[in-house]
Amino acid sequence: MTLQTPVLEVQDLRTAFVTARGMLQAVDGVSFRLERGQILAIVGESGSGKSVLSRSILGLLPRGAETSATAQVLLNGQDLTRLPERQLRRLRGRRASMIFQDPMTSLNPTLSIGAQIVEVLVFHMGLAKAAARARAAELLRSVGLPEPGLQLDRYPHQLSGGMRQRVAIAIALACEPDLLIADEPTTALDVTVQAEILDLLRREVRERQMSMILITHDMGIVAGHADEVAVMYAGRIVERAPVRPLFAQTRMPYTRALLDSIPQLSAPAHGRLEAIGGRPPDLVEPPPGCSFEPRCRFATARCRADAPPLQGDGVHSFACWHPLR
Amino acid sequence: MADLSRAERAPRPAAPSGTAAPMDRAARNARAAAAHQKARRVGPVFWISLAWLALVTLAAVFADVLGLAAPDQSDWMALKAPPGTGGHLLGTDPLGRDVLSRVIHGARVSLTVGITAPVIGVGLGLILGLAAGYYRGWIDEVIGIVIDSWLAIPGLVILLLFSVLYGGSLFMVCLSLGLLFIPSAARITRAATLSCTGREYVLAARALGASDFRIITREVFPNIIWPLLAFVMIDIPIAIVVEGSLSFLGLSVQAPTPSWGGMISEGREYLEAAPHISLIPTAVMFLTVLSFNLAGDAMRRRVSGGRGGAI
Amino acid sequence: MPYLMRRLQRLLIVLLVVTFSTFLLVSVLPGDAAYQIGGMDASPEEIEAIREDLGLNSPVILRYLSWVAGLIQGDWGTSLLTGESVWDALVERVPVSMQLMVMAQIMALTLAIPAGIIGAWRPDGPADRALTAVGFACVSMPGFMTAILLIYYVSLHLGWLPATGYEPMSAGLWANLKPMILPALSLALVEWTALMRTLRAEMISTLQENYISLARAKGMGTLRILLVHALRPSGFSTITILGLQVARLLGGAIILEQIFGIPGIGRLLVHAVYTRDLVVIQGCVTFFALTYVAVNFLVDLAYAWLDPRVREARSHG
């Protein structure tokens with residue numbers, strides 16, 4: 001394979017929140033790399049730490065959250081965790097940008113669409129207002145908004161959810177970043193719109209030779225739109241493989257359960273993981289062994305005592321004492 | 326793909342943090358919890374405020390047995406005496422009356438009004454709010470309009486009107502001042518009642534034939550009693566301030582009964598020559614109001630434990 | 637504009653209720669105008685004659701309507717004591733009070749906006765704690781108290797500004813502003829805390845919004861996020877408070893005009909109260925109610941400006 005620097009390399013990322021009960025370990029030692037042009041899906045239930053992981057990468061954690069000092073987040077070989085805020089800001093939205101889950105709340109209701117795109121172009125690219133406006137219209141056209149010139153002066157509430165997510169994508173693409181992090185970009189949208197948005201994202205990523213982290217809880221989305229998959233549970237990656245082997249030969253019982261929960265066309269769009277009983281473990285006082293053990297059909301005494309490490313053959317890795325065949 | 330697994334196999338710290346480092350985790354948890362506790366604990370400021378309020382209250386209650394000069398007794402040998410001279414600890418006013426004695430007797434008026442008025446206002450507000458929230462419809466509408474209208478006139482103007490019409494007895498001051506506290510209490514009661522009566526258990530109680538009175542006392546009341554007590558706490562310093570303003574204008578309790586606002590007003594002419602006449606009651610009133618505010622805030626913090634902030 | 641229409645309707649009802657109540661207060665309750673004119677020792681027959689003269693014996697509703705008709709034509713009655721037209725008195729006094737309150741509110745906002753932003757930026761940080769402490773001290777000091785302290789220190793001690801007095805605008809801008817600074821500051825120092833705390837609280841919750849996360853992900857700096865992205869959506873409660881404060885400002889102005897000898901509506905009212913000049917009192921209260929309604933309607937308009945969503949529809953209690 002190529003020897004070029006990966007777009008993103010994450011080493012032993014740990015993020016914890018201060019809560020009234022103690023430290024909540026939301027991300028617990030995650031490592032992975034992402035090559036140029038690849039789409040990596042990070043899958044897990046809500047609360048598995050996937051959103052916190054995505055925010056930790058760009059240093060966008062709320063106050064009260066800490067990332068461990070040993071963690072490394074290398075974007076094009078540059079360690080973001082060591083960068084001062086001022087330089088980090090120069091990279092956010094420029095080299096790496098984000099799309100959030102709910103387009104209803106991720107655009108500022110008091111600023112026009114145009115203003116929200118233009119400010120990125122002015123800040124990062126140093127464009128003049130007029131040039132930035134022209135470029136913004138161009139971006140809106142490329143994400144499929146009709147009459148982009150008119151849209152610039154409209155406000156978010158005047159657009160539908162799908163339209164708003166297109167605007168959010170236009171903002172994210174504005175500076176042609178190397179890395180796009182899409183945090184459940186379609187969860188809040190209608191099923192028909194979901195497919196359109198995902199297709200748009202994939203097309204843009206491919207055309208611009210970008211890399212993307214696609215965060216989702218929906219294995220169905222993973223199958224159609226990602227190159228590789230990392231399954232997260234209780235703050236850790238528990239299985240990791242390219243899409244095809246993962247679906248063909250699932251090793252982790254948790255991944256299996258996720259696959260079983262892919263919503264059927266007839267099922268409601270937000271049906272969540274009925275296949276797995278129980279709830280994820282308490283992240284303030286996690287169990288000593290495998291974190292999935294309490295909910296796992298195959299659990300043994302060993303699972304209760306020791307946490308299985310993530311290991312594999314270089315293509316497919318998993319963290320389980322009793323992998324499925 | 327080889328690169329991928331190398332990254333994954335990169336040395337992890339000794340073991341997953343849950344197993345090998347329980348001590349470390351326990352210590353971190355304890356630290357985090359302690360930090361949270363600290364945010365909720367009441368500090369020394371709270372106790373100092375409480376001590377000052379206790380001092381003022383005790384002095385006001387036992388004013389007659391403290392061996393002070395009568396508040397309206399003039400010492401003609403010591404007019405406008407500065408503090409500490411002529412046997413007057415805090416000096417005398419333009420009529421030679423002992424400032425300490427007058428401040429303490431003034432505390433009686435301020436504390437009486439400060440506590441009675443909010444209780445009256447919150448009590449009446451409770452009744453109106455309950456009626457509006459429980460019965461809704463036109464009753465709600467009418468009460469809403471009355472409250473809006475009440476708010477349309479500055480509180481002090483309402484008090485001035487009352488003083489014109491009914492004069493300035495202590496009772497009338499308490500009552501008219503209390504009326505000013507109706508709107509806020511009524512609004513919060515109405516909101517709480519609305520959210521309460523929508524709940525299933527209240528609907529169920531209704532369906533089972535519970536009387537309105539019973540539902541209100543059993544289901545609605547316990548939910549609003551704490552917010553309303555908080556209102557009383559907030560309103561006390563306000564009541565003291567407004568009474569001060571009124572007596573500053575000479576429209577509260579009538580002379581020669583001393584009141585803080587009145588004392589401040591009387592000393593106004595002599596600010597240059599004998600500033601203590603105004604400044605001492607100013608300081609006492611300020612400290613009292615501040616103490617009520619601080620104590621109230623500390624209690625509110627303890628209940629809610631506010632924290633936040635994103636960037 | 638269904639929302640604005642609904643608000644306007646409610647405000648007009650409030651205006652109706654307030655004017656009717658003040659009308660009742662003055663014409664029906666004890667101490668009515670006939671006694672004022674006739675004096676304490678007037679005989680019942682004399683009183684009756686005066687009542688007939690003033691039209692006090694016709695039905696209340698009719699008298700109210702004719703009073704309102706008078707109001708609209710600028711006939712707000714005449715002072716029972718001086719015979720001066722209430723309308724003329726108001727026209728003369730109101731601009732003075734207005735100036736005082738506008739100056740005070742500008743000062744209050746100048747203090748409150750930066751302080752609120754700083755507090756929301758780092759809640760419970762050292763700056764926030766310091767500002768909260770100062771704010772607490774300020775709300776614990778009624779306007780007349782602040783005024784006494786300011787007079788004592790700034791006027792008497794430093795001698796920078798006059799302790800009392802008023803100069804019309806015709807005497808020059810600075811001559812006009814100079815004596816207004818201390819009273820306006822006294823008012824502002826009481827009012828700014830509420831504005832600061834409200835802005836701070838609303839801004840803290842705004843900063844939790846997803847669009848703030850997005851702004852951060854776009855690389856926007858803290859200052860830009862605070863001022864461009866968070867300030868405007870956080871303005872609602874602050875503007876509401878600004879509207880509610882008008883009533884309190886009027887109340888505060890009454891006392892401060894008294895202390896600083898400013899010939900505004902507050903002094904007119906207090907003088908009328910001292911002399912029990914009910915017609916003047918009635919005029920003042922009516923004016924206050926009108927002001928309240930006007931200001932609240934302006935507040936609603938400001939909502940619409942702040943949030944484009946309101947321009948279409950906003951269901952709000």
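Residue numbers (my numbering), protein chains in the order written: chain A, 1 to 325; chain B, 326 to 636; chain C, 637 to 953.
All C-beta atoms in this analysis are idealised placements derived from N, C-alpha and C, irrespective of residue type, glycine included.
Counted within 10 angstroms of its Cβ, other Cβ atoms place residue i as buried (16 or more) or exposed
i, result
"TYR939 of chain C", "buried"
"GLN116 of chain A", "buried"
"TYR526 of chain B", "exposed"
"PHE123 of chain A", "buried"
"LEU698 of chain C", "exposed"
"LEU283 of chain A", "buried"
"GLN101 of chain A", "buried"
"HIS793 of chain C", "exposed"
"ASP936 of chain C", "buried"
"ARG272 of chain B", "Chain B is shown only over 326 to 636; residue 272 of chain B falls outside these bounds and no answer can be derived."
"PRO369 of chain B", "exposed"
"LYS50 of chain A", "buried"
"PHE318 of chain A", "buried"
"GLU326 of chain A", "Absent from the model: residue 326 of chain A. The displayed extent of chain A is 1 to 325, so no value can be given."
"GLU597 of chain B", "exposed"
"LEU807 of chain C", "Sequence inspection shows Ala at residue 807 of chain C; the Leu mentioned does not correspond to that position. So ALA807 of chain C counts as exposed."
Proximity below 9 Å, CB of residue i to CB of residue j
i, j, result
"THR607 of chain B", "MET781 of chain C", "yes"
"VAL43 of chain A", "VAL205 of chain A", "no"
"GLN387 of chain A", "ALA137 of chain A", "There is no way to answer for residue 387 of chain A, as the model of chain A reaches only from 1 to 325."
"ILE561 of chain B", "GLY439 of chain B", "yes"
"THR858 of chain C", "ALA756 of chain C", "no"
"TYR233 of chain A", "PHE298 of chain A", "no"
"GLU216 of chain A", "THR186 of chain A", "Looking at the sequence itself, residue 216 of chain A is Thr, so the reference to Glu does not match. Yes, the Cβ-Cβ distance between THR216 of chain A and THR186 of chain A is below 9 Å."
"VAL52 of chain A", "ALA26 of chain A", "yes"
"LEU613 of chain C", "VAL916 of chain C", "Here chain C has residues from 637 to 953 only, and residue 613 of chain C is not among them."
"VAL231 of chain A", "MET252 of chain A", "yes"
"PHE496 of chain B", "ILE563 of chain B", "no"
"PHE611 of chain B", "ALA783 of chain C", "no"
"SER501 of chain B", "SER488 of chain B", "yes"
Cross-strand partners of residue i (DSSP beta bridge)
i, result
"MET23 of chain A", "A:VAL18"
"GLY312 of chain A", "A:SER317"
"MET98 of chain A", "A:ILE181"
"THR67 of chain A", "A:THR15"
"ALA41 of chain A", "A:LEU214 and A:VAL229"
"PHE32 of chain A", "A:VAL10"
Cβ-based neighbour list, residue i, same chain, cut-off 6 Å, excluding 5 preceding and 5 following
i, result
"MET23 of chain A", "ALA16"
"ALA517 of chain B", "ASN548 and ILE549"
"MET558 of chain B", "GLY621"
"VAL545 of chain B", "THR518 and CYS521"
"SER590 of chain B", "PHE573"
Residues near residue i in its chain [Cβ-Cβ closer than 8 Å; skip 5 each side]
i, result
"HIS865 of chain C", "TYR847, ILE848, ALA851 and MET856"
"PRO327 of chain A", "A query on residue 327 of chain A cannot be resolved here, the shown segment of chain A reaching from 1 to 325 and no further."
"LEU797 of chain C", "VAL790, SER791, LYS814, PRO815, ILE817 and LEU818"
Close beta carbons around residue i, own chain, < 7 Å, minus the five adjacent residues each side
i, result
"PRO245 of chain A", "VAL315 and HIS316"
"ILE540 of chain B", "VAL527, ALA530 and ARG531"
"LEU324 of chain A", "THR250, ARG251, PRO253 and ARG256"
Relative to chain C, which residues along the region 573–607 of chain B have a C-beta separation below 9 Å, given in chain order? PHE573, LEU574, GLY575, LEU576, GLY586, ILE589, SER590, GLY592, ARG593, LEU596, GLU597, PRO600, SER603, LEU604 and THR607
Please name the residues in the region 111–125 of chain A whose beta-carbon is closer than 9 Å to at least one beta-carbon of chain C, in chain order. LEU111, SER112, ALA115, GLN116, GLU119, VAL120, PHE123 and HIS124
Which residues, in chain order, does the region 10–21 of chain A contribute to contact with chain C at a C-beta distance below 7 Å? none
Quick one: which residues of the region 35–50 of chain A get their C-beta closer than 7 Å to a C-beta of chain D? List them in chain order. Given the protein chain composition of this structure (A, B and C), no chain D is represented.
Could you please tell me which residues of the region 858–871 of chain C, in chain order, have their CB closer than 7 Å to any CB of chain A? HIS865, ARG868 and PRO869
Which residues, in order along the region 225–247 of chain A, keep a beta-carbon less than 7 Å from a beta-carbon of chain C? none
Which residues, in order along the region 466–477 of chain B, keep a beta-carbon less than 9 Å from a beta-carbon of chain C? GLY469, ILE470, VAL471, ASP473, SER474, TRP475, LEU476 and ALA477
Residues of the region 88–101 of chain A with a CB closer than 9 Å to any CB of chain C: list them in chain order, please. LEU88, ARG89, ARG90, LEU91, ARG92, GLY93, ARG94, ALA96, SER97, MET98, ILE99, PHE100 and GLN101
Anything in the region 832–850 of chain C with a Cβ closer than 7 Å to a Cβ of chain A? List those residues in chain order, please. Answer set for the region 832–850 of chain C: GLU845, ASN846, TYR847, SER849 and LEU850.
Residues, ordered as in the chain, of the region 767–781 of chain C that lie near chain B by beta-carbon distance below 7 Å: PHE772, ALA773, VAL775, SER776, MET777, PRO778, PHE780 and MET781
Positions along the region 717–742 of chain C whose CB lies within less than 7 Å of some CB in chain B: Per Cβ criterion, the list is empty.
Taking only beta carbons into account, state which residues of the region 611–623 of chain B come closer than 7 Å to chain C, listed in chain order. PHE611, VAL614, LEU615, ASN618 and LEU619
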